[in-house]
Structure formats: structure tokens, C-alpha cells
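Student: My questions will all concern the structure given below.
Numbering (the numbering used here), first residue to last: 597 to 943.
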């Protein structure tokens with residue numbers, strides 16, 4: 597037992613790296629040393645032109661070296677996905693169910709730390725798809741579906757992140773039933789349920805204490821899945837259609853070693869906001885105030901942070917960026933503001 601644990605620990609602390617990648621890192625290290633020597637010579641000769649060119653070269657080599665080192669930690673997600681076909685086969689044995697697993701995007705790469713951490717959360721989601729998603733062959737046949745259910749496991753890159761989707765073509769999740777169960781368990785009140793949207797009701801499945809059905813482990817909670825993914829800087833979402841299936845969407849950073857951020861200064865404080873959490877960046881145009889403006893119709897209402905509407909006017913109106921009028925048809929720049937809004941939504 598001790599020897600097995602030692603071997604497992606040794607494997608987790610080791611990393612297999614492509615020889616071509618190591619050769620590239622060696623070449624970059626050589627260029628970095630050469631740049632250092634050129635920098636020393638330029639400083640000794642007080643040659644500003646050579647100093648500028650050399651600093652640019654060192655900056656370029658440093659960025660390439662950083663990217664190369666990060667690649668050494670990247671591992672294909674197939675290392676995780678490869679275990680799930682057998683899990684699905686084992687789960688359907690002894691059950692009155694049939695299901696196939698379709699895997700796509702196994703070549704997508706993630707940081708080794710993420711690869712080692714996402715296995716258990718993904719396994720629970722796959723088990724949930726088999727147990728609570730896929731119906732029995734007879735039920736599927738009555739609903740006009742193939743007897744063999746389909747579970748899809750897909751990974752792809754998007755917006756500098758890795759997206760993982762676990763979907764099934766099963767019965768789907770009924771948001772109202774989730775809400776009723778949450779009220780019965782005392783997780784929320786009936787008043788809170790009435791105020792919830794369909795999306796919010798579906799997300800009740802991630803509330804601590806909400807039980808879910810798995811194929812081989814009885815009843816367990818999915819709040820642990822969300823908590824584990826959030827530790828890794830990821831998020832999880834759920835979408836479902838009754839009678840058509842459920843999809844879990846996970847977004848993860850490529851690596852935890854470097855997080856590109858936007859630096860924002862507020863007074864004497866400086867904050868770093870991860871770029872993946874930014875929807876849009878902009879700055880006030882010429883003549884615009886950051887402190888806001890007064891509404892012409894209701895000057896006593898105080899200043900508003902443009903382009904937020906006056907609190908006394910009709911809900912949903914916005915202040916025009918050019919004339920301080922509200923975004924109603926009589927505003928001369930209504931069309932201009934509409935274009936700005938549509939462009940912002942596209943970004």
C-alpha cells in the first residue's frame with residue numbers, strides 16, 4: 597500500500613515534456629544570454645540607440661520564454677476524458693438504461709494543476725447525466741427517441757478560456773420541481789421562489805444541501821462541484837429543456853500561474869480585475885463628466901452617473917451621451933445612443 601502511494605505521488609509530481617519544446621527553451625535561453633551581453637556593452641559605451649534596440653530584443657525573448665515555459669505545464673484534456681467511457685459503461689450495467697458517450701476536443705490543453713483537479717467534478721456530472729438525465733429505453737421509445745441515450749462531453753477554446761460541456765438528450769430538468777424541492781428542504785422560502793426566474797430556479801441545483809441523484813453513489817450534492825470549480829477560477833452554468841436534455845457548461849482559465857488583469861486606480865488604491873471578468877472597457881468622451889449630470893426635467897433629482905436614467909422618469913430610459921436628454925424619440929441623438937447600445941452589446 598505504501599509503495600503504491602509513493603509511486604502515485606511520484607507520477608503526479610513528474611511531467612512529460614516534448615523534446616522539441618525543450619530545444620526551443622534552450623535556444624531562447626541562449627538568446628537571452630546574448631541579449632544580456634549586448635545590454636552590458638551598450639551601457640558601457642553609453643550608446644542609447646543600441647540600448648533601445650537591445651531592450652526591445654530582450655523584451656521579445658522574455659515573452660517567448662514565458663510562453664514556452666507555460667507550455668511545459670500544458671497537458672491534453674484527453675488524460676481526463678479517457679476515463680469517462682468506461683465509467684458510463686459501468687454505470688449502465690445492471691440498470692434498465694442504455695447510453696453512449698461521445699467525446700470531442702480531447703486535444704484541448706490545460707494546465708497540469710487544472711487537469712489533476714477537474715476529474716472528480718466532471719465524473720459527478722457524467723454520473724448525474726446517466727442517473728437523472730437518460731430515461732429507460734421504454735420511456736425513450738414512447739417519447740419518439742432512440743433507445744440508446746446520448747451523452748456528449750466536449751471541450752473547446754473560447755475567449756482565452758477552456759469551455760467544457762456535458763450534455764445529454766434525456767428528460768431534462770424541470771425548474772419548478774427544483775424550486776418546490778428547495779422549499780420543502782427549507783433552502784429557500786416560497787416568496788423567494790415566486791420572485792425567481794427560470795434560470796435562477798435551475799441554479800438551485802448548486803445550492804448547498806440540495807440533493808441530486810447519481811447512478812452509483814445514491815444521493816449527493818452538486819454544491820461541491822461548483823465550489824471546486826470556483827477554487828480553480830472557473831464557473832459553471834446549466835441549461836435545460838424539458839424532454840430534450842440538460843447541458844452543463846464550465847469555463848476554466850488556461851492556467852492559474854498567470855492571470856491577465858486590468859489595473860484600476862480608485863483614489864490611492866489600485867485594483868487588478870481579471871480580464872475574463874470584463875465585458876467592456878471605455879472612457880468618457882470629450883466634454884463628458886464622470887460625476888454625472890442633472891436631469892433637465894427633474895433637476896431636483898440630483899446628478900446621475902451617465903448614461904443612467906433619472907430616477908423619476910420612465911423605467912428603462914437612458915441619458916443621451918450628447919445632449920443630456922432622455923433616450924426617447926424626441927431626443928435628437930436617439931439613433932446615436934441606440935447605435936452605441938447595440939455596439940456595446942456586441943462586445
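Note that beta-carbon positions come from the ideal geometry of N, C-alpha and C, so glycine has one too.
If you're wondering where the values come from, they're calculated on a predicted model, not measured in any experiment.
Starting from residue 862, trace the beta strand (DSSP E) both ways and give me its first and last residue.
Tutor: Stepping through the chain shown from its first residue, residue 862 is reached at position 266. Residue 862 -> beta strand (DSSP E) spans 857 to 862.
Student: If we count the other Cβ atoms within 10 Å of its Cβ and call it buried at 16 or more, is residue 813 buried or exposed?
Tutor: Stepping through the chain shown from its first residue, residue 813 is reached at position 217. At residue 813 the pLDDT is 49, less than 50, meaning the model places this residue with poor confidence; the figure from the coordinates comes in the next sentence. Classification for residue 813: exposed.
Student: Suppose you measure from the CA of residue 665 to the CA of residue 622; what does that come to, to the nearest Å?
Tutor: If you number the chain shown from 1, residue 665 lands on position 69. If you number the chain shown from 1, residue 622 lands on position 26. Answer to the nearest angstrom: the Cα atoms are 11 Å apart.
Student: When burial is assigned at 16 or more other CB atoms within 10 Å of the CB, is residue 616 buried or exposed?
Tutor: As a first step, residue 616 must be located in the chain shown, where it is residue number 20. Per the 10 Å Cβ criterion, exposed.
Student: Taking DSSP as the reference, what is the three-state secondary structure of residue 615?
Tutor: Locating residue 615 in the chain shown gives position 19, where the first residue counts as 1. Residue state, collapsed to three classes: helix.
Student: State yes or no: is the C-beta of residue 636 within less than 8 Å of the C-beta of residue 671?
Tutor: The count along the chain shown starts at 1 and reaches residue 636 at position 40. The count along the chain shown starts at 1 and reaches residue 671 at position 75. Against a cut-off of 8 Å, the Cβ pair of residue 671 and residue 636 comes out as no contact.
Student: I need the straight-line Cα distance from residue 842 to residue 865, nearest angstrom please.
Tutor: By 1-based counting over the chain shown, the position of residue 842 is 246. By 1-based counting over the chain shown, the position of residue 865 is 269. Distance between the alpha carbons of residue 842 and residue 865: 44 Å.
Student: Could you spell out the range, first to last residue, of the beta strand (DSSP E) harbouring residue 749?
Tutor: Sequence index remark: in the chain shown, residue 749 carries index 153 (1-based). Looking at the DSSP string, the run of the beta strand (DSSP E) that includes residue 749 is 745 to 754.
Student: Given a cut-off of 8 Å, decide if residue 611 and residue 708 are closer than it, judged by their beta-carbon atoms.
Tutor: To locate residue 708, count along the chain shown from 1; it is residue 112. To locate residue 611, count along the chain shown from 1; it is residue 15. Their beta carbons are under 8 Å apart, which means residue 708 touches residue 611 by this criterion.
Student: Grouping DSSP H, G and I as helix and E and B as strand, with all else coil, what is residue 610?
Tutor: Position 14 of the chain shown, counted from the start, is the residue given in the question as residue 610. If DSSP states are grouped into helix, strand and coil, residue 610 belongs with coil.
Student: If you draw a straight line from the C-alpha of residue 788 to the C-alpha of residue 824, how long is it?
Tutor: Locating residue 788 in the chain shown gives position 192, counting from the first residue. Locating residue 824 in the chain shown gives position 228, counting from the first residue. For residue 788 and residue 824, the distance between alpha carbons rounds to 26 Å.
Student: If I measure Cβ to Cβ from residue 847 and keep anything under 7 Å in the same chain, skipping five residues before and after, which residues do I get?
Tutor: Position 251 of the chain shown, counting from 1, holds the residue named residue 847. Cβ neighbours of residue 847 beyond the five flanking positions: 757, 759, 830, 831.
Student: Please name the residue in 805, 806, 849, 807 whose C-alpha comes closest to that of residue 826.
Tutor: Counting from 1 along the chain shown, the entry for residue 826 is found at position 230. That would be 849, whose Cα lies nearest to the Cα of residue 826.
Student: Determine the extent of the alpha helix (DSSP H) in which residue 713 is found, giving its start and end residues.
Tutor: Your numbering for residue 713 matches position 117 in the chain shown. Per DSSP, residue 713 belongs to the alpha helix (DSSP H) from 708 to 713.
Student: Output the distance between the C-alpha atoms of residue 715 and residue 642, rounded to the nearest integer angstrom.
Tutor: For the purposes of this step, residue 715 is taken as residue 119 along the chain shown, with counting starting at 1. For the purposes of this step, residue 642 is taken as residue 46 along the chain shown, with counting starting at 1. If you take the alpha carbons of residue 715 and residue 642, they lie about 56 Å apart.
Student: Quick check: what's the CA-CA separation for residue 702 versus residue 873?
Tutor: Taking the chain shown and counting its residues from 1, the one referred to as residue 702 is at position 106. Taking the chain shown and counting its residues from 1, the one referred to as residue 873 is at position 277. Cα to Cα, the separation comes out at about 26 Å.
Student: Identify, in the order they occur along the chain, each residue of the same chain with its Cβ nearer than 7 Å to the Cβ of residue 792, setting aside the five sequence neighbours on each side.
Tutor: As a first step, residue 792 is located in the chain shown; it is residue number 196 there, counting from the start. Result list for residue 792: 775, in chain order.
Student: Could you please give me the residues that DSSP links to residue 670 through a beta bridge?
Tutor: As a position in the chain shown, residue 670 is number 74, starting the count at 1. Per DSSP, 707.
Student: Ordered along the chain, which non-local residues of its own chain (more than five positions away) have a Cβ less than 8 Å from that of residue 845?
Tutor: Counted from its first residue, the chain shown places residue 845 at position 249. 759, 760, 761, 832, 833, 834, 835.
Student: Do residue 684 and residue 697 have their C-beta atoms closer together than 8 Å?
Tutor: To locate residue 684, count along the chain shown from 1; it is residue 88. To locate residue 697, count along the chain shown from 1; it is residue 101. Contact flag set, yes.
Student: Have a look at residue 686 and residue 718 and give me their C-alpha separation to the nearest angstrom.
Tutor: Residue numbering aside, residue 686 sits at position 90 when the chain shown is read from its first letter. Residue numbering aside, residue 718 sits at position 122 when the chain shown is read from its first letter. Roughly 16 Å separates the two Cα atoms.
Student: Compare the beta carbon distance of residue 837 and residue 768 with 8 Å and say whether it is the shorter of the two.
Tutor: Numbered from 1 along the chain shown, position 241 holds the residue referred to as residue 837. Numbered from 1 along the chain shown, position 172 holds the residue referred to as residue 768. Cβ distance < 8 Å, so residue 837 and residue 768 count as in contact.
Student: Can you give me the start and stop residues for the beta strand (DSSP E) that residue 679 sits inside?
Tutor: Locating residue 679 in the chain shown gives position 83, counting from the first residue. Premise fails: residue 679 is in no beta strand (DSSP E) and is neither H nor E.
Student: Short check: CB of residue 624 to CB of residue 661, under 8 Å?
Tutor: Taking the first residue of the chain shown as position 1, residue 624 is located at position 28. Taking the first residue of the chain shown as position 1, residue 661 is located at position 65. Going by C-beta atoms, residue 624 is nearer than 8 Å to residue 661.
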